[in-house]
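Visitor:
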Amino acid sequence: MKIERVTIVDDHIVSSFSRLIPQLTGNEKYPSREALEEVVRSENNFLFIATIDGEVTGSLTLLFNRLVTGLKGWIEDVVVDEAARGKGVATALIWHA
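Per this note's numbering, the very first residue in the sequence shown carries number 37; after that it's consecutive.
Put into structure tokens, the structure is as follows:
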């Protein structure tokens, strides 16, 4: 399993998120290429994916916000493909973040 930060939104990333996000949200809406590019371009967002044999099996978004009390970070939108559940994908994503 490989965990990496998404820095370029290509067709493979778009199709992977069109498969993953409905599994997270329960509806068929998924982010457009433009929405994914906006997340990737943001200095405060880090989009990570997990791949097994070149297939995207999960993702996680790490967000940062500077407050008066310091830099705060939190994890959002952790999703693992149904076919890859139980293989430690979410755990690997969270530990990497």
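Where is the CB? At the ideal position from N, CA and C, for every residue including glycine. Note that the coordinates shown come from a computational prediction; the quantities given were computed from them, not determined experimentally.
Under 7 Å between the Cβ atoms of residue 60 and residue 94?
Guide: Against a cut-off of 7 Å, the Cβ pair of residue 94 and residue 60 comes out as no contact.
Visitor: Could you compute how far the alpha carbon of residue 68 sits from the alpha carbon of residue 48?
Guide: Approximately 13 Å between the Cα atoms of the pair.
Visitor: For the beta strand (DSSP E) that contains residue 92, what are its first and last residues?
Guide: Where residue 92 is concerned, the enclosing beta strand (DSSP E) stretches over 91–103.
Visitor: Where does residue 55 sit, in a helix, a strand or coil, going by DSSP?
Guide: If DSSP states are grouped into helix, strand and coil, residue 55 belongs with the helices.
Visitor: Closest by CA to residue 91, which one among 127, 119, 105?
Guide: If we check each option's Cα against that of residue 91, 119 comes out closest.
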